[in-house]
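Trainee:
2 protein chains.
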Amino acid sequence: MNNNYCIIMAGGIGSRFWPLSKDNYPKQFLDILGTGKSFIRSTYERFSPVIPDENFLVVTNKAYKHLVLEHLPMLRDDQVLCEPARRNTAPCIAYAAYHIQSRCKDANIVVTPADHLVTNETEFQRIIRLGFDFLALNPQALMTIGIKPSRPETGYGYIQCGSDALRHCEQSEAIHDNVVKVEMFKEKPDYETAVKFVSEGNYLWNSGIFLWTLDGIMQAFKQYLPEMVEVFEKGIYNFGTPEEQDFINDHFVDCPNISIDYGVMEKSPNTFTIPADFGWSDIGTWGSLFTHAKKDDGGNALRGKVVSVDNTNTIINIEEGTEAVVEGLDDYLVAYRDHSLLVCRLHDEQQIKVWIEGLK
Amino acid sequence: MNNNYCIIMAGGIGSRFWPLSKDNYPKQFLDILGTGKSFIRSTYERFSPVIPDENFLVVTNKAYKHLVLEHLPMLRDDQVLCEPARRNTAPCIAYAAYHIQSRCKDANIVVTPADHLVTNETEFQRIIRLGFDFLALNPQALMTIGIKPSRPETGYGYIQCGSDALRHCEQSEAIHDNVVKVEMFKEKPDYETAVKFVSEGNYLWNSGIFLWTLDGIMQAFKQYLPEMVEVFEKGIYNFGTPEEQDFINDHFVDCPNISIDYGVMEKSPNTFTIPADFGWSDIGTWGSLFTHAKKDDGGNALRGKVVSVDNTNTIINIEEGTEAVVEGLDDYLVAYRDHSLLVCRLHDEQQIKVWIEGLK
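This is the structure we're talking about:
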C-alpha cells in the first residue's frame, strides 16, 4: 500500500475508429492491435506494478461503467467515477482529485488516457517511478511525460524545453537531471512547424500523461480555474460518501468545458517534463494503428479470418465470427464490426466522422 | 385446369454470387436485384398466368425444400421433388417427367431454371403460349426459347438457325412462322466467334427454357439416354406414390451426369426454337447483375443502407440490418451477407470461387 494514485480517463467516444469504435463501444474497450487485451486493460496493467489496485480510479461516462468493470474486474464499483456529461479533461481530473482528497490528503497522482499504446512497459514504469521520486522532492511540480519525437507528427501537441536541457539529461542518472523545466506548450503544429520542432531538438511530444501531488494540482485548480473549483467546493462534504454521485449528477455540468493543458499546464510557471522513450503512440488514427500493426509481405495489416489477394498497404480488420475475401486494394482501409462496414482510402480517414453522419 | 405443366429447376448452389449466395442459401432464393421478390418467386409468377398452381413442380435438393415452400407457399409438399444428388439437367428433368407421367399422360411441359431474369412478362407469356400452341400441332417437337442477342456474349450457348428463318418469322403472326428449326446448338463461344455469330444474324442465345410434350421428351429420353431411362423404369410404379421418394433416394445417383442440351437437344433432329425478346438474362455473374441494376449518378449499383462517397461503376450490396460507408472505389464489388464480406475488382469476379476456397 502506498499513496500513489492513478486516474484513468476513459470517457472518450472515439468515432475516428468507426465502425470498430462506436458510441456504445468506444476505442478504450477495443483490442484494435490484436494484442489480446483492450486498451484500458493494457493501461491498467502498465501501471499495476506502481499503483495498488485499490488506488486506481477510472473516470468515464455512466454508460460505460459496466464495460469498465468487465475489463477491470479487480476494481470495486466505487473506483469507477461516472461523469454525467462530457466536460473535457480539467473537470474530469478535478472530479477524481476531489474524490481522492476524501480518502488520502497526501496522495501522489498520475493521470493517463485509457487508450494509448506503450510498447516498453519496463521503461514506462521506470519513468513513472522517476516522476513520483521527483514529486517527493518538488511537491508543487506539475509534470507531464514528454515523448522524444521520431517524426514531424502534426497530430500531437509539443513541449518546448530549454535548448540544452534535453542534451544534459541524457548524460546523468540523477533525478533532477532527468526532469526538465517546460518552457512552453505548443498546440498541434502544421507540417512545416513540426519539421522545425523536430530538427531543433528541444521539443517533445505531449503524451497527456501527467504527474502531480494532490496538493499541487488542487493549488493549481484554485489559482487557474476558480470557477470550476467553486462548483466542486459546494459538494466538498459529499465526496467519498454515498451522496457523491448525486452531487456530481446535479452539478458536474456547471463546470467549464476546458482541457487540463489549456486550463492549467499552459498557465502554470511550475511545469516540468520527463523526456521519455518507451514506444508510445496515442493510436489516434487508423494511420497510426497501421504504423504499429504487424504486416504481411504486401505491407497489409490483417485482423480476422481474411483471404487477402493482391492488396498492398491496406488495413483489413473484421470482427470475430465474420470472414472476408478482399482483393485488389492499395492504401485502403476495410473494417467491419457490429453490422457496420467501412471501405475507404486510408489517407481520407479524417473524413470518417463526416461520412457516418450520412448514415443517421 | 389444363394439361400444361411447369418444371422449375432449383437445385443450383450458385457460388458465383458469394457471399450473397451460399450453399445454405443459393441464388434462386435471393432478391439480388432488389425487385422485392426472390428469383424463384419471380419465376413462379412469370408462369402463373399460363400454368395452374397444382401443375408446378420444383426439382431441388432436399436441403432447400423448406426454402422452396417458404418462397412458394401455394405449392403442396409433393410438388417439390428432391434430388438426393446433383446429376445435371437431364436426370432432373426426367425425374419430374416420370412424376408427371403418373398424373397426366398427355401433359405439355415447360422447363425453366429458377434464377433467371425476365423484364417483359407479358411478352414472355405470349411466347410460352405460342410454344404450347406449336406443340398441339407438333407433339414430337423439342423446343427451346432462343433470345435475340444484343451483344457478343461469351457466357451463353448459341442456337444456329437457317439463314432466312429469323428474317421470315418477324414478318408473320402465324404460329409456324414464329417457330424456327434449329440447325445446330453451339457451346459458349470465344469472343471472336461470338462477334461473328451476332453479326451473321441467324444465331440466338440458348435460354435454357424448354417446351415439349410428355410423350415427346419421353421418346427422346428412350432414344438418346437409354441408360438413364433404365434407372427410372425400375421404379415406374413408384412415381406418384408414397414410395417415390425412397425409390429416388436409392436410384437417382445411378443416373449419368449429363445436361439436357448435350444428352438430348444436340442429338435430336426434331428441335425447334422460338426467337424471343422479352428482356432476358441468366444473371449468371455480378457483371450481368450490374448491367440490369439501377445506378446512381456515379454509375454505382447500391443495395442497402450505404453512404457512397466518390465511387464509380461499383456494386455495393449489403444485407438488411447492416450499414456501410464506402469511398474511393472504381469498378469494384463490395458485398456483405451472413457474416461474409467480399471486396474485389469487378472484372476479377470469376476468381471468387478460387478465393473462397482459402476460407475453408
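Protein chains in written order, with the working numbering: chain A, 136 to 495; chain B, 136 to 495. By construction, the Cβ of each residue, glycine as well, lies at the ideal position given by its N, Cα and C atoms.
In the DSSP output, which residue or residues are listed as bridge partners for S342/A?
Mentor: Partner(s): none; S342/A has no beta bridge.
Trainee: Kindly indicate the opening and closing residues of the alpha helix (DSSP H) around K497/B.
Mentor: One cannot answer for residue 497/B here, as it falls past the ends of chain B, which runs 136 to 495.
Trainee: Since G370/A contacts F382/A with CB under 8 Å, what's their CB separation in whole angstroms?
Mentor: Their Cβ separation, rounded to whole angstroms, is 4 Å, which keeps G370/A and F382/A in contact under 8 Å.
Trainee: Compare the C-beta of I235/B against all C-beta atoms of chain A and say whether one is closer than 8 Å.
Mentor: Chain A, which has no Cβ nearer than 8 Å to the Cβ of I235/B, makes this no.
Trainee: At what residue ranges does the segment 243-282 of chain A contain a whole run of the beta strand (DSSP E), taking only runs of 3 or more?
Mentor: DSSP runs (the beta strand (DSSP E)) wholly in the segment 243-282 of chain A: 243-248, 277-282.
Trainee: Could you say which of E318/A, K240/A, R286/A, S298/A lies nearest to M278/A if we only look at CA atoms?
Mentor: Out of E318/A, K240/A, R286/A, S298/A, E318/A has the C-alpha closest to the C-alpha of M278/A.
Trainee: Using a Cβ cut-off of 7 Å, pull out every chain A residue sitting near I491/B, in sequence order please.
Mentor: By Cβ distance, chain A contributes V460.
Trainee: Can a CB atom of chain B be found closer than 8 Å to the CB of T420/A?
Mentor: Closer than 8 Å: no.
Trainee: Kindly examine the ligand GTP and report whether one of its heavy atoms sits closer than 7 Å to the Cβ of V330/B.
Mentor: Summarising the ligand content, the structure contains no ligands, and the ligand GTP is consequently not present.
Trainee: Alpha carbon to alpha carbon, how far is S298/A from E256/A? Give it in angstroms, no decimals.
Mentor: Cα to Cα, the separation comes out at about 29 Å.
Trainee: Decide if the segment 170-177 of chain A is in contact with the segment 152-159 of chain A; the criterion is three or more beta carbon pairs, one per stretch, under 8 Å apart.
Mentor: Touching, no.
Trainee: Below 8 Å between beta carbons: does that hold for G493/A and V330/B?
Mentor: Their beta carbons are not under 8 Å apart, which means G493/A does not touch V330/B by this criterion.
Trainee: Determine the chain D residues that contact T447/A at a beta-carbon separation under 7 Å, and present them in chain order.
Mentor: The structure shown has no chain D; the protein chains it does contain are A and B.
Trainee: Identify, in the order they occur along the chain, each residue of the same chain with its Cβ nearer than 8 Å to the Cβ of G292/A, setting aside the five sequence neighbours on each side.
Mentor: Hits under 8 Å: F320, K321, E322, K323, W340, N341, D396.
Trainee: Here's a check: name, in chain order, each residue in its chain whose Cβ is nearer than 7 Å to the Cβ of G147/B, leaving out the five neighbours to either side.
Mentor: P161, K162, Q163, D250, listed in sequence order.
Trainee: For chain A, is any of its Cβ atoms less than 8 Å away from the one on R438/B?
Mentor: Chain A contact via Cβ: absent.
Trainee: For chain B, check one thing: does any of its Cβ atoms lie closer than 8 Å to the Cβ of S150/A?
Mentor: Closer than 8 Å: no.
Trainee: Under the assumption that L349/A contacts I282/A (Cβ atoms under 8 Å), give the Cβ distance between them as a whole number of angstroms.
Mentor: Not really, about 25 Å apart at Cβ, beyond 8 Å.
Trainee: Quick test of the definition: if touching needs 3 or more C-beta pairs under 8 Å, does the segment 428-443 of chain B touch the segment 455-469 of chain B?
Mentor: Yes, since at least three Cβ pairs between the segment 428-443 of chain B and the segment 455-469 of chain B fall closer than 8 Å, the two stretches touch.
Trainee: Taking its Cβ as the centre, do 16 or more other Cβ atoms sit within 10 Å of Y372/B, making it buried, or is it exposed?
Mentor: Exposed is the call here.
Trainee: Cβ of R480/B less than 8 Å from any chain A Cβ?
Mentor: For R480/B, the answer is yes, since a Cβ of chain A falls inside 8 Å of its Cβ.
Trainee: Would you mind telling me which residues of chain A sit closer than 8 Å to H474/B, beta carbon to beta carbon, in chain order?
Mentor: Neighbours of H474/B on chain A, chain order: G456, T457, E458.
Trainee: Could you give the distance in angstroms between the alpha-carbon of K402/B and the alpha-carbon of F269/B?
Mentor: When rounded, the distance between both Cα atoms is 21 Å.
Trainee: Assuming contact is defined by CB atoms lying nearer than 8 Å, are L192/B and L168/B in contact in what I supplied?
Mentor: Going by C-beta atoms, L192/B is not nearer than 8 Å to L168/B.
Trainee: With contact counted as at least three CB pairs below 8 Å, one residue from each stretch, are the segment 420-427 of chain B and the segment 375-394 of chain B in contact?
Mentor: With the cut-off at 8 Å, the segment 420-427 of chain B and the segment 375-394 of chain B do not touch.
Trainee: Tell me the DSSP bridge mates of S443/A?
Mentor: According to DSSP, which records beta bridges pairwise, S443/A is partnered with V461/A.
Trainee: Can you list the residues of chain B that Y471/A reaches, using a CB-CB cut of under 8 Å?
Mentor: In chain order: Y471, L476.
Trainee: For a cutoff of 8 Å on Cβ pairs, would you count G463/A as touching chain B?
Mentor: Taking Cβ atoms only, chain B reaches closer than 8 Å to G463/A, which makes this a yes.
Trainee: G351/B and A276/B: beta carbons closer than 8 Å?
Mentor: Their beta carbons are under 8 Å apart, which means G351/B touches A276/B by this criterion.
Trainee: Got a sec? Which residues, its chain only, sit under 7 Å from E362/B by beta carbon, not counting five neighbours each side?
Mentor: Only P391 meet the Cβ criterion.
Trainee: Of all the CB atoms in chain A, is at least one closer than 8 Å to the CB of V442/B?
Mentor: Yes - at least one Cβ of chain A is within 8 Å of the one on V442/B.
Trainee: Tell me which residue opens and which closes the alpha helix (DSSP H) that F387/B is part of.
Mentor: Taken as a continuous stretch (DSSP letters only), F387/B belongs to no alpha helix (DSSP H), as it is neither H nor E.
Trainee: How about the segment 468-479 of chain A and the segment 448-457 of chain A: do they share at least three Cβ pairs that are nearer than 8 Å?
Mentor: Counting Cβ pairs under 8 Å, three or more are found: they touch.
Trainee: Counting only Cβ pairs nearer than 7 Å, list the residues of chain B close to I453/A.
Mentor: Those are L476, listed as they occur along chain B.
Trainee: Do you know how far the Cα of F387/A is from the Cα of N139/A?
Mentor: Cα to Cα, the separation comes out at about 25 Å.
Trainee: Residues of chain A with CB under 7 Å from D483/B, in chain order?
Mentor: Neighbours of D483/B on chain A, chain order: E462, G463.
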